[in-house]
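J.:
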Amino acid sequence: MVNDGTSSALVADILVLVKNNVVLFLVLLVLSRCIYHRYFHPLSKYPGPLACSCTRLWKAWSVYNGHTELDFIDLHRKYGSIVRVAPNELSFASPKAAHDILAPGNGFTKTEFYKAFPPKHAPDIFTETREWKHAAMKRVAVVPYSLASVQKMSPWIEDVQNEFIAKIGEYADSGRVCDLGDLLHYFAFDVIGEFAFSQRYGFVAQERDIGGTIKLIDNVQWYDGIVGQVPELRHVLRESPVFQYLLTLLSPPQVTQMALGEIAKRKKNKTDGFFLEPERRDLLGQLMEGSARDPGKFSEMDVFSVAHGAIGAGADSTASTMQSFFHFILSNPEIHRKLSEEIRGAHLSPNVTWAEAQDLPYFQACLLEAMRLRPAVGLSIPRYVPKGGAMIDGTNYPGGIVASINGWAVHRDALFGDNVDQFRPERWLSGDVRDMKKHMYQFGGGGHLCIGRNLAQFEMNKIIPQLLENFDFELVYPGRPVKSHSTFFVVQSGLEVFVRRRK
Ligand code: HEM
């Protein structure tokens, strides 16, 4: 009795003490958590900034500032190839580590980071973190995304190409300055429209970001990129009803509407199965076909989410890669001259074919080099180490920690030769480059290798040589870097050029 009374009094005293010193207790709590993470946590032996070992806010701040890729290059140059970038996360910059983390079937899984991205109730191939569900969606989606399927969409992709070439011709004829970067972005968006929905959205024709769709995607991805660094907060910052309401006030969910609208139209207008025209086997029709075959494994909701994913993932990524390519080429006169000579001596078809582009070794080297130095994804790709731990680059790491890779840092490893910061396509043209090719992560890797890479490669391999075959380009501001801001993708602007016709 006496003891009970004493301990109750003690508890009451402590509560009063805490109540009167709330701020002090909070500071002590944060401090002791920080000391634990810095000195006693299983990852405490790994180097990294003090702020990173205590909190994930450093990463959120880095994404907020928009230059995560550069921050990660700096971190690895300062601290080495393994850096502790958050209390529970190590960033790896060695190509061998990247291979081990991403290799299919090794048990590493996507983290909560991906849950910050929309659509909220219908994860797509990119945001789905359950491997079994991801595999089920991918089984249906790999068919329309295969190179063979993309090639069958060639006539409609070439329509966009021709419209684009005509548009660039207008700039050449008028002598006006052309924002090639923006136009390439519009081109990539219109290609997605044709490939996914048999729709021409008209970004190229109107030369503008219709409905602010691109801007909206960039802003949402930027916001989600920040929230994804502290995923516990997504319930408040991303998924709460209040936030969802505010979002609809700020901007209608265009991308969601775009995908839903296309599905509704298809159901209403269908003339031949799920396709608008029998020969035109676009992404949406093939997804609907897949769902009709086995709705238990690939539902109507999956059709929506995979189609939605194409809009969100397909344009920024491809545009960013083409913008980097042109900026590098136009900033290096000797490389520009050699590339133009190769393309112009190759007697290409008016609509350059995929096969013709594969026979342009210098062009392929330039494209690889652009993707090495400026991969389109600027944020790190995070994975959970499987329960029970796993080997990464010869060392065992505890299960449950996050292992991440940033393509910008990995692609600057000594494996890629000398002067890794320099744009030097020749590095791809001599000696045995198989190991370098194997360790390029511009499209991610393993079981989560970019599903849209065939489409992206296809359109880039057609439009870039065609542009260089038909026009001479010159930077309006030579020596000025492109402006960039990493959301998830590296969103770029400021690629203004003068254009002249060649023929
Ligand atoms: C040059 C253009 C592109 C680049 C550089 C690129 C890059 C990437 C990267 C690095 C990943 C891995 C992300 C991760 O693991 O977190 C990825 C995944 C993905 N990409 Fe792309 N991408 C490109 C074009 C496209 C296109 C055109 C589409 C669709 C139309 C697309 C759809 C996707 C999807 C759905 C995923 C998730 C794959 C999975 O987790 O299985 N991408 N992409």
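My numbering runs 142 ahead of the 1-based position in the sequence shown.
Just so you know, even glycine gets a beta-carbon here, dropped at the ideal spot from N, CA and C.
Since we're looking at a predicted model, the values are computed, not measured.
Per DSSP, which one or two residues make a beta bridge with L472?
T.: Paired residues: none, contrary to the question.
J.: Determine the direct distance from the alpha carbon of F234 to that of H627, and round the result to whole angstroms.
T.: When rounded, the distance between both Cα atoms is 22 Å.
J.: Taking DSSP's pairing of strands, which residues face M533 in a bridge?
T.: The partner list for M533 (beta bridge, DSSP) reads N538.
J.: Does DSSP put I593 in a helix, in a strand, or in coil?
T.: Here I593 sits in coil by DSSP.
J.: For I606, which of helix, strand or coil comes out of DSSP?
T.: Of the three classes helix, strand and coil, the one that applies to I606 here is helix, per DSSP.
J.: Taking just the CA atoms, how far does K357 sit from P394?
T.: Because P394 carries a pLDDT of 49, less than 50, the predicted location of this residue cannot be relied on, and no value is offered for it.
J.: Under the three-state reduction of DSSP, which class applies to V527: helix, strand or coil?
T.: V527 falls in the coil class under three-state DSSP.
J.: Please identify the residue among D242, A457, G354 and N230 whose C-alpha is closest to the C-alpha of H327.
T.: If we check each option's Cα against that of H327, A457 comes out closest.
J.: Please list the segments of the beta strand (DSSP E) lying wholly inside the region 159-211, counting only runs of 3 or more residues, in order along the chain.
T.: Entirely contained in the region 159-211, not one beta strand (DSSP E) run reaches 3 residues.
J.: From which residue to which residue does the alpha helix (DSSP H) around F306 run?
T.: Segment S296 to S316, the alpha helix (DSSP H) holding F306.
J.: Classify K625 as buried or exposed, calling it buried when 16 or more other Cβ atoms lie within 10 Å of its own Cβ.
T.: Result: exposed.
J.: Helix or strand or just coil, what does DSSP make of A545?
T.: If DSSP states are grouped into helix, strand and coil, A545 belongs with the strands.
J.: Near K294, what residues of its chain come up, given a Cβ to Cβ distance below 7 Å and the 5 sequence neighbours on each side ignored?
T.: Within the same chain, K294 has close Cβ partners R423.
J.: Starting from L232 and walking both ways along the beta strand (DSSP E), at which residues does that stretch end?
T.: It spans E231 to F234 - the beta strand (DSSP E) in which L232 sits, taken as one unbroken run.
J.: Which residues share a DSSP beta bridge with A228?
T.: DSSP output for A228 lists E231 as bridge partner(s).
J.: For M533, is the classification buried or exposed, using 16 other Cβ atoms within 10 angstroms of its Cβ as the cut-off for buried?
T.: Exposed is the call here.
J.: Quick one: what does DSSP say H627 is sitting in, helix, strand or coil?
T.: The answer is strand: DSSP assigns H627 an E or B state.
J.: Starting from the C-beta of D213, find all residues in its chain whose C-beta is less than 7 Å away, skip the five residues before and the five after it, and write them out in chain order.
T.: Excluding residues within five positions, the ones whose Cβ falls inside 7 Å are S204.
J.: Under 8 Å between the Cβ atoms of E498 and F565?
T.: Going by C-beta atoms, E498 is not nearer than 8 Å to F565.
J.: Does DSSP put T251 in a helix, in a strand, or in coil?
T.: In this structure, T251 counts as strand in the three-state DSSP scheme.
J.: Per DSSP, what are the beta-bridge partners of D351 in this structure?
T.: For D351, which the question treats as bridged, DSSP gives no partner whatsoever.
J.: Output the boundary residues of the beta strand (DSSP E) element that contains S635.
T.: V632 to S635 is the extent of the beta strand (DSSP E) around S635.
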